[in-house]
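Below you'll find the structure, written out as C-alpha cells, and then a few comments.
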Ligand code: ADP
Ligand code: MN
Ligand code: MN
Ligand code: MN
Ligand code: MN
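Put into C-alpha cells, the structure is as follows:
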C-alpha cells in the first residue's frame with residue numbers, strides 16, 4: 001500500500017488571535033476522501049486548549065484537498081473537539097448555523113509580507129520608509145512591487161490544491177497583498193481561507209519571510225492597515241429585488257455593532273479609524289459604492305435589480321472567517 005502524508009491542520013487556543021498548528025499523519029492507501037480521513041488527537045496543554053491533567057483534544061477532519069507541495073500529500077482541515085466529542089470552546093466553525101449552505105461568502109484576505117531582518121514589510125529599507133502610498137496598489141515594476149514571486153507561488157499552490165481563489169492584487173501599502181476566496185456555503189468558505197492561510201504560512205518559511213496579520217502593523221503613520229472584507233449573500237439578498245429589502249439587511253447590523261466587532265479581529269480599533277478607506281469603529285454606516293462605510297452595497301447589487309451581495313468592510317486581516325461568518329449569518333437571519 002502506498003503511504004500518504006496527511007497534514008492535519010487546526011486552530012490553537014491562543015488569545016486574542018488563534019494561530020494555525022499542524023502535524024503529519026501517515027495513512028496507508030488513503031483514498032483522498034474526507035470520510036476516509038481518521039479522527040486524530042493532540043496535546044491540548046501545549047496549545048492553550050487543555051490542562052496538563054487531561055490534555056487530549058480531538059481533531060475531526062472537515063475538509064480535505066491534495067497538498068500541492070508534498071508528494072502523496074494531503075491537507076486535512078480539522079475542527080477541535082473535547083475528549084467527549086463536544087465542540088471545543090475555541091472551535092468557531094461549530095458556531096456556524098448554515099446547514100443548507102444558503103450563505104455564500106467571498107473573503108478578501110489582506111496581509112503584509114514581512115522581512116524578519118528588518119521587522120518591516122518587504123520593500124521597506126532598513127531603518128526607513130519607502131516612497132509614500134500611491135504607486136503600490138495594483139502596481140507594476142521593480143520600484144513599486146515587492147514580493148510578487150511569493151504572491152504568485154502562493155496563488156499557484158492554492159489553485160493546485162483546488163481552492164476557489166478568485167483573484168489577487170497588490171495593496172495600497174508597500175509589501176501589502178490581497179487574495180480573495182469565494183465559496184457557496186459558510187463552512188466551506190472558512191475552511192478554504194484557513195487552508196490558503198496555511199499554504200501561505202508554510203511558503204513564508206521557504207522564503208525566509210513571515211506573514212503579518214496585524215490589522216495596523218505600521219501604526220498611525222500614513223500607511224493603510226489590513227482587512228478581511230466579508231462579502232456575503234443568501235437567497236434573500238440574491239433575490240431581494242428592491243433597495244428597501246437590501247437596506248433592511250444593512251439596518252439589521254445597526255443594533256449589534258459590538259457583537260460584530262467582538263469577532264472581527266484583535267487591535268481592529270487601530271485600523272477602523274475613519275481614515276484609509278475605513279469607517280470609525282464607533283459608527284455604523286452603509287452606502288452604495290462607499291468604501292468609507294461599515295457596509296458597502298456593491299455597485300453590482302445596486303445595478304442588478306437590487307439583487308446580489310453586501311460587503312462588510314470591518315473584519316480585520318487577523319479575524320477568524322468562521323467566527324465572522326457565524327456572526328453575519330446570525331444577524332442576516334433576523335431579516336425575513
Ligand atoms: P473589492 O476589492 O472591490 O472590494 P474584490 O473583487 O476583492 O472586491 O472582492 C469581492 C468578492 O465578492 C469576491 O471575492 C467575490 O467572490 C465576492 N462575491 C461576489 N458575488 C458574491 C455573492 N453573491 N455572495 C457573496 N460573495 C460574493
Ligand atoms: Mn508525543
Ligand atoms: Mn479586494
Ligand atoms: Mn483590498
Ligand atoms: Mn473589498
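Numbering (UniProt numbering), first residue to last: 1 to 336.
Built from N, CA and C at the ideal position, the CB exists for glycine as well.
Here the structure is a predicted model, which is why all the values come from computation and not from measurement.
Residue range of the unbroken beta strand (DSSP E) whose run includes residue i
{"i": "residue 176", "result": "176-184"}
{"i": "residue 297", "result": "295-297"}
{"i": "residue 23", "result": "20-28"}
{"i": "residue 212", "result": "210-212"}
{"i": "residue 66", "result": "56-66"}
{"i": "residue 166", "result": "165-170"}
{"i": "residue 9", "result": "3-11"}
C-beta contact flag for residue i and residue j at 9 Å
{"i": "residue 89", "j": "residue 74", "result": "no"}
{"i": "residue 311", "j": "residue 252", "result": "no"}
{"i": "residue 306", "j": "residue 240", "result": "yes"}
{"i": "residue 286", "j": "residue 316", "result": "no"}
{"i": "residue 263", "j": "residue 193", "result": "no"}
Near ligand 1: residue i beta-carbon under 8 Å from a heavy atom
{"i": "residue 327", "result": "no"}
{"i": "residue 231", "result": "yes"}
{"i": "residue 30", "result": "no"}
{"i": "residue 361", "result": "Since the first residue shown for the chain is 1 and the last is 336, residue 361 is missing from the structure and cannot be characterised."}
{"i": "residue 104", "result": "yes"}
N- and C-terminal bounds of the alpha helix (DSSP H) containing residue i
{"i": "residue 250", "result": "243-252"}
{"i": "residue 269", "result": "268-271"}
{"i": "residue 151", "result": "148-161"}
{"i": "residue 256", "result": "Where residue 256 is concerned, there is no enclosing alpha helix (DSSP H), given that its DSSP letter is neither H nor E."}
{"i": "residue 336", "result": "Note, residue 336: premise wrong, no alpha helix (DSSP H); not H, not E."}
{"i": "residue 235", "result": "235-238"}
CB contact check: residue i to chain B, cutoff 9 Å
{"i": "residue 238", "result": "Although the question refers to chain B, the structure presented lacks it and comprises just one protein chain."}
Near ligand 4: residue i beta-carbon under 8 Å from a heavy atom
{"i": "residue 82", "result": "no"}
{"i": "residue 234", "result": "no"}
{"i": "residue 212", "result": "no"}
{"i": "residue 311", "result": "no"}
{"i": "residue 169", "result": "yes"}
{"i": "residue 110", "result": "yes"}
Integer-rounded CB distance, given that residue j should sit under 8 Å from residue i
{"i": "residue 19", "j": "residue 9", "result": "11 Å between Cβ atoms; not a contact."}
{"i": "residue 218", "j": "residue 154", "result": "So it is not a contact: roughly 22 Å between Cβ atoms."}
{"i": "residue 212", "j": "residue 112", "result": "4 Å"}
{"i": "residue 321", "j": "residue 190", "result": "4 Å"}
Near ligand 5: residue i beta-carbon under 8 Å from a heavy atom
{"i": "residue 205", "result": "no"}
{"i": "residue 21", "result": "no"}
{"i": "residue 342", "result": "Coverage of the chain is limited to positions 1 through 336, which leaves residue 342 absent and any answer about it impossible."}
{"i": "residue 296", "result": "yes"}
Residue i Cβ short of 8 Å to ligand 3 heavy atom set
{"i": "residue 153", "result": "no"}
{"i": "residue 164", "result": "no"}
{"i": "residue 224", "result": "no"}
{"i": "residue 277", "result": "no"}
{"i": "residue 176", "result": "no"}
- prompt: Is there contact here, the segment 42-50 with the segment 10-25, by at least three beta-carbon pairs under 8 Å?
  reply: yes
message: Count Cβ pairs between the segment 253-266 and the segment 163-176 that sit closer than 8 Å; are there 3 or more?
response: no
Any 3 or more C-beta pairs closer than 8 Å across the segment 55-63 and the segment 79-89: yes
field: Inter-stretch contact (C-beta, 8 Å, three-pair minimum) for the segment 120-136 and the segment 92-105
entry: no
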